[in-house]
Amino acid sequence: MTRPDDSKRWPRWVYGQGEEPDYRFTFANERTYLAWIRTSLALLAAGVALDVVELSVKPSVQHALTLVFVGLSLFSAVAAWLRWAKSERAMRRAEPLPSHGFSALVTLVLVVTALLLAVSL
Amino acid sequence: MTDEELGQAVGDFGVSNERTALAWQRTGLSLVAGSAIILRLTWSDLGVLALVALAIAMVLGTWIFVESRGRYAHDAGARRRARSRGGRAPFALALSTALLATTELTMLLVRWTG
């Protein structure tokens, strides 16, 4: 069996800890990470759509909603990697998976923007 | 056949490596497609800046697509690993996506304030 050389793996604050977990859990963590990246891309697409379509709402509201979507997309991309790294580290250390508040934040922001859009139409 | 050879001959359970490779590939494709659309929409406002930012995102997206093959081109996760899986490819992907969002954000701010 070819074992990965842990000393060359990055970041060290993840791979310098604990032991290699079951590879299926690592893969599942990667797939969750990738799902978050696709969520980020979808939020960006929503922002672009709001920017290019004409809606019967005030331009200031439309601009604000566009900024929220694109900002949330940027935030999700960065948070996705941090979530992946912290989960990978927890699995290597055989600790419970850390709780991440950012999924609740994303949900809350989406609900608020949807309500705002519904009220503005 | 030794125990180790026997262990290598028996396949791992499930096809999670294949599912993961496919997830990487469709994310890479989405990134390249997203870069092309953002470039089309921001080119007139940002010019060369948009071209440079999105060219980087596209190159990283293409590399991620190719990398996903190397990452999973083995029978399963634990054996005959072509290279060790680390955090660089996920970081490059997050960076590309963030670059894409930042380009769009810059374009919006330039257009609304300019």
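One line per chain: the protein sequences are A and B, in this order. Sequential numbering from 1 applies to the first sequence in the working numbering. Sequential numbering from 1001 applies to the second sequence in the working numbering. Ideal Cβ positions, reconstructed from N, Cα and C, are used throughout, including at glycine.
Chain B contact for residue i (CB, 8 Å cutoff)
i, result
"A:VAL53", "no"
"A:ARG92", "no"
"A:GLY71", "yes"
"A:LEU116", "no"
"A:ALA64", "no"
"A:LEU34", "yes"
C-beta neighbour in chain A for residue i, strict 8 Å
i, result
"B:LEU1006", "Confidence is the limiting factor: at B:LEU1006 the pLDDT is only 47, short of 50, which leaves the residue's position unreliable, though a coordinate-based value still follows. Judged by the 8 Å Cβ criterion, B:LEU1006 is not in contact with chain A."
"B:ARG1019", "yes"
"B:SER1044", "no"
"B:ASP1075", "Confidence is the limiting factor: at B:ASP1075 the pLDDT is only 48, short of 50, which leaves the residue's position unreliable, though a coordinate-based value still follows. Not an interface residue."
"B:THR1027", "yes"
Option nearest residue i by Cα separation, candidates the options
i, options, result
"A:PRO11", "B:PHE1065, B:PHE1091 and B:TRP1112", "B:PHE1091"
"B:ALA1094", "B:GLY1061, B:ARG1069, B:ARG1085 and B:THR1113", "B:GLY1061"
"A:PRO96", "A:LYS86, A:ALA104 and A:LEU67", "A:LYS86"
"A:VAL112", "A:PHE69, A:VAL52 and A:LEU74", "A:PHE69"
"A:GLU20", "A:ASP51, A:LEU117, A:ARG93 and A:THR39", "A:ARG93"
"A:ALA79", "B:GLU1067, B:GLU1104, B:THR1097 and B:ARG1069", "B:THR1097"
"B:LEU1041", "B:MET1107, B:ALA1089, B:ARG1019 and B:THR1113", "B:MET1107"
Endpoints, the alpha helix (DSSP H) within which residue i is located
i, result
"A:SER56", "Taken as a continuous stretch (DSSP letters only), A:SER56 belongs to no alpha helix (DSSP H), as it is neither H nor E."
"A:TRP13", "12–15"
"A:ASP22", "Counting along the chain, A:ASP22 falls outside any alpha helix (DSSP H), and DSSP gives it neither H nor E."
"A:PRO98", "Segment: none, A:PRO98 is in no alpha helix (DSSP H) and carries neither H nor E."
"B:ALA1036", "1016–1046"
For this session: Quick one: which residues of the segment 1088–1105 of chain B get their C-beta closer than 7 Å to a C-beta of chain A? List them in chain order.
Result: Residues ARG1088, PRO1090, PHE1091, LEU1093, ALA1094, THR1097, ALA1098, LEU1100, ALA1101, THR1102, GLU1104 and LEU1105.
Proximal residues, the segment 8–22 of chain A versus chain B, C-beta separation under 9 Å
Cβ contacts with chain B: LYS8, ARG9, TRP10, PRO11, VAL14, TYR15, GLU20 and ASP22.
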